[in-house]
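First comes the structure, then the notes that go with it.
Residue numbers (the UniProt record's numbering): 1 to 219.
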């Protein structure tokens, strides 16, 4: 884990010529595949910089005070009483706020720049982060496609992995053997050049194979 001094040292300078600038992005939410997806989307945009994630109020305020993010992305379920968002109103400088909305929670307080219903496509989330600061998305080199497109059966396995299901559960849901699940998982790992399930899900978000905000289901 990076120290606060490492994060601060890596924060880019704001543009002074009125042109586009790199936007610093912090995330409030649980450490799950949604967070990894958002981080991957930010990392894939050369005009966005990920400065960190916290799931509790006090550590998140500390993160913001040290890194001064331009935009905070908030998983609505992580701030059900809106304590964090209300406190951010008094931050100097005050960050723009993008909320990943949860239908089970009421509407956010005034001052939120963008509200996105989950799940949300990667391009839409990146555009919302830029728009929250009044900045149009900056054209970037086309992202490299997945090394080899996954087959429909492999995408089924990947989606269920992202939902938090294990091998036996995936086998039961798809009506196939656990050994077949393992073979499909191995093939998609090879195609995506990843080392484990979490890495596969993060890479899938980066390549747009899964929507950001894909809601994990209980396994």
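Glycine is no exception: its CB is placed at the ideal position from the N, C-alpha and C atoms.
Please read these numbers as outputs of a predicted model, since none were measured by experiment.
query                                                                                                                : result
N- and C-terminal bounds of the alpha helix (DSSP H) containing residue 154                                          : 152-162
Whole-number beta carbon distance between residue 210 and residue 169, since they are thought to touch under 8 Å     : Their Cβ separation, rounded to whole angstroms, is 18 Å, which puts residue 169 and residue 210 out of contact at 8 Å.
Which listed residue (178, 126 and 179) has its alpha carbon closest to that of residue 41                           : 126
7 Å Cβ shell around residue 184 - same chain, five flanking residues per side excluded                               : 153, 154 and 157
Proximity to residue 79 [Cα-Cα], best of 200, 91, 22 and 98                                                          : 98
Cα-Cα separation between residue 178 and residue 149, rounded to whole angstroms                                     : 23 Å
Presumed contact (8 Å Cβ cut-off) between residue 69 and residue 120, rounded CB distance                            : That belief does not hold up - the Cβ atoms of residue 69 and residue 120 are roughly 19 Å apart, past 8 Å.
6 Å Cβ shell around residue 141 - same chain, five flanking residues per side excluded                               : Below a pLDDT of 50, predicted positions are generally treated as unreliable, and residue 141, at 45, falls in that range; no measurement from the model is reported.
Whole-angstrom distance between residue 91 and residue 129, CA atom to CA atom                                       : 18 Å
Counted within 10 angstroms of its Cβ, other Cβ atoms place residue 165 as buried (16 or more) or exposed            : buried
Reduced DSSP category for residue 208 - H, G, I as helix; E, B as strand; rest coil                                  : coil
Other residues of its chain near residue 173: CB distance less than 8 Å, five sequence neighbours each side excluded : 160 and 165
Proximity below 7 Å, CB of residue 38 to CB of residue 162                                                           : no
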